[in-house]
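First up is the structure itself, then whatever we jot down about it.
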Amino acid sequence: MSRWWSALGGGRGVALLSAGAAALIAWTSGVMPGWVASGTLLGVAAGLARLGLIPADLYAPLLPRARRRAGRGQAPSGDTARLQSRGLALLRSGDMTAAEDALRAAEEQARAAGQLDPAIACAYNRGVVLALSGRGQEAAAVWTATRREAAANHATRWLPWLDAGLAAAALESGDAVEAGTLLGRSVQSLGGRAPSGLAGELVLLSARINVLAGHADAARQQLAVEVKRRRRQRSPDSVAEALAWLALAELAAGDEQAAASSAAAAAASAPASNGHRSLGRLETARGGMRERRGDHAVAAAHYHAALEHYQFCKDDAACASLRARLAALLPAGDGAGELLEAV
Numbered sequence: 008m009s010r011w012w013s014a015l016g017g018g019r020g021v022a023l024l025s026a027g028a029a030a031l032i033a034w035t036s037g038v039m040p041g042w043v044a045s046g047t048l049l050g051v052a053a054g055l056a057r058l059g060l061i062p063a064d065l066y067a068p069l070l071p072r073a074r075r076r077a078g079r080g081q082a083p084s085g086d087t088a089r090l091q092s093r094g095l096a097l098l099r100s101g102d103m104t105a106a107e108d109a110l111r112a113a114e115e116q117a118r119a120a121g122q123l124d125p126a127i128a129c130a131y132n133r134g135v136v137l138a139l140s141g142r143g144q145e146a147a148a149v150w151t152a153t154r155r156e157a158a159a160n161h162a163t164r165w166l167p168w169l170d171a172g173l174a175a176a177a178l179e180s181g182d183a184v185e186a187g188t189l190l191g192r193s194v195q196s197l198g199g200r201a202p203s204g205l206a207g208e209l210v211l212l213s214a215r216i217n218v219l220a221g222h223a224d225a226a227r228q229q230l231a232v233e234v235k236r237r238r239r240q241r242s243p244d245s246v247a248e249a250l251a252w253l254a255l256a257e258l259a260a261g262d263e264q265a266a267a268s269s270a271a272a273a274a275a276s277a278p279a280s281n282g283h284r285s286l287g288r289l290e291t292a293r294g295g296m297r298e299r300r301g302d303h304a305v306a307a308a309h310y311h312a313a314l315e316h317y318q319f320c321k322d323d324a325a326c327a328s329l330r331a332r333l334a335a336l337l338p339a340g341d342g343a344g345e346l347l348e349a350v
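Position in the sequence shown (from 1) plus 7 gives the number in my numbering.
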């Protein structure tokens with residue numbers, strides 16, 4: 008026993024080998040991200056080389072090779088991380104064109120460096136930018152291709168996020184059945200352990216499906232709970248988004264007074280991109296309800312409010328649709344011509 012103890016470099020050698028074995032087990036079981044495990048194994052190799060248990064010239068090539076092979080779950084490089092952070096900041100500010108460019112550049116840089124996990128993250132967020140810019144089909148195409156890549160490379164932690172994005176895209180196209188299928192797949196792959204941000208998105212998706220299915224009261228209950236949860240997190244944009252969807256559910260349930268209250272609270276929450284898009288959708292729905300009743304002046308006010316929200320998001324398609332609606336409402340010679348020219 009003492010001979011083996013000495014051969015392993017005593018307590019330090021045994022501890023290093025134990026740490027390496029634990030890292031390998033944690034990595035292969037999916038508990039530890041790849042970039043953490045590779046860093047641990049590099050540290051173990053360096054320690055073993057210092058103890059003379061492995062040749063130093065054997066350890067030297069491990070560093071670049073391990074970085075190339077980290078593959079899944081590794082931390083993004085400095086430049087990739089900065090570009091990704093910049094893209095997300097631009098997304099929150101509403102500059103969708105610049106956000107898309109920054110995230111695309113970050114994704115390309117991550118792929119060039121062989122970093123799959125950061126590349127998938129950038130692709131997912133680029134899909135979010137496309138969706139918020141009114142380019143739902145392009146977003147769905149990005150998420151579909153990225154999901155296929157993630158599944159092929161066992162990057163399973165991204166599958167629920169990508170399925171949720173695809174469910175939202177299906178809802179935007181009016182396919183509630185497909186959205187429900189994708190939502191179920193996302194929930195199933197989570198295994199009951201959803202990250203906080205994704206859990207909130209899944210609640211919104213479920214509530215939207217309930218509204219389309221005619222279960223507005225169930226959607227109201229879901230969204231009321233979600234608004235409280237988001238308020239505890241103190242995220243103004245996410246609160247505004249949930250409040251806007253709550254107002255839509257209240258409209259669907261016929262409670263216009265509650266919907267007006269929720270809409271005012273959403274507008275007061277200092278929304279960013281997600282919140283403005285949801286508010287644009289809400290004001291469009293309120294305008295449509297008033298237009299069907301023949302109250303064109305109030306309908307036009309709602310459409311104008313919706314137009315401002317969509318202009319913040321730089322959603323050209325939604326803006327064109329609203330200008331056309333406004334032009335149809337306005338009497339001839341009262342600005343209708345200018346609106347039609349803008350369309």
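Glycine is no exception: its CB is placed at the ideal position from the N, C-alpha and C atoms.
- In the structure shown, the three-state DSSP call for S140 is coil.
- Considering only A313, A186, L95, A162, the residue with the shortest C-alpha distance to L289 is A313.
- If you look at P202, you'll find it isn't in any alpha helix (DSSP H); DSSP assigns it neither H nor E.
- G181 counts as exposed, since fewer than 16 other beta carbons sit within 10 angstroms of its beta carbon.
- In the DSSP assignment, Q122 falls outside any alpha helix (DSSP H), carrying neither H nor E.
- When Cβ pairs closer than 8 Å are counted between the two stretches, the segment 173 to 189 is seen not to touch the segment 223 to 240, the count staying below three.
- Taking the Cα positions, R227 is about 12 Å away from G221.
- Take D322, set aside five residues on each side of it, and the residues of its chain with a beta-carbon closer than 8 Å to its own are L139, S140, G141, R284, G287, in chain order.
- A residue is called buried once 16 or more other Cβ atoms fall within 10 Å of its Cβ, and V184, having fewer, is exposed.
- P125 places its beta carbon less than 9 Å from that of A88.
- Counting the other CB atoms within 10 Å of its CB gives D170 a total of 16 or more, which places it among the buried residues.
- Excluding the 5 residues flanking it on each side, Y310 has same chain C-beta neighbours closer than 8 Å at E290, T291, G294, L329, R332, L333, L336, in chain order.
- Spatial neighbours of A259 in its own chain (CB-CB distance under 6 Å, excluding positions within 5 residues in sequence) are listed in chain order as V218, A223.
- Contact between the segment 143 to 151 and the segment 111 to 120 is absent, with fewer than three C-beta pairs closer than 8 Å.
- Annotation: the continuous alpha helix (DSSP H) that includes A331 extends over 323 to 336.
- In its chain, beyond the 5 residues on either side, V234, S269, A272, A273, S276 have a beta carbon closer than 7 Å to the beta carbon of L250.
- Put simply, of R164, S100, A152 the residue whose alpha carbon is nearest the alpha carbon of A130 is A152.
- If the five residues before and after S193 are omitted, its C-beta is found closer than 7 Å to the C-beta atoms of P167, D170, A171, A174, L209, all from its own chain and listed in chain order.
- Taking 8 Å as the upper bound for CB-CB distance, A247 and A266 are not in contact here, some 15 Å apart.
- Q116 counts as buried, since no fewer than 16 other beta carbons sit within 10 angstroms of its beta carbon.
- Its Cα nearest to that of A225, the residue L211 stands out among L211, A106, D86.
- If you ignore the 5 residues before and after R215, its C-beta comes within less than 6 Å of the C-beta of L178, all in its own chain and listed in chain order.
- Between the alpha carbons of R93 and R155 lies a distance of about 26 Å.
- Relative to D86, the option among W252, R118, G301 whose CA is nearest is R118.
- Note that the C-beta distance between A105 and L95 is not below 9 Å.
- For T188, the enclosing alpha helix (DSSP H) has its first and last residue at 183 to 197.
- Unbroken alpha helix (DSSP H) stretches of 4 residues or longer found wholly inside the segment 269 to 313: 280 to 299, given in chain order.
- The DSSP-derived three-state label of R241 is coil.
- Residue range 166 to 179 is occupied by the alpha helix (DSSP H) that includes G172.
- If you ignore the 5 residues before and after A325, its C-beta comes within less than 7 Å of the C-beta of G141, G287, Y317, all in its own chain and listed in chain order.
- Contact check for V305 against R299 fails: the beta carbons are separated by 9 Å or more.
- Separation of the CB atoms of R236 and G204 is rounded to 11 Å, and the pair is thereby denied contact status at 8 Å.
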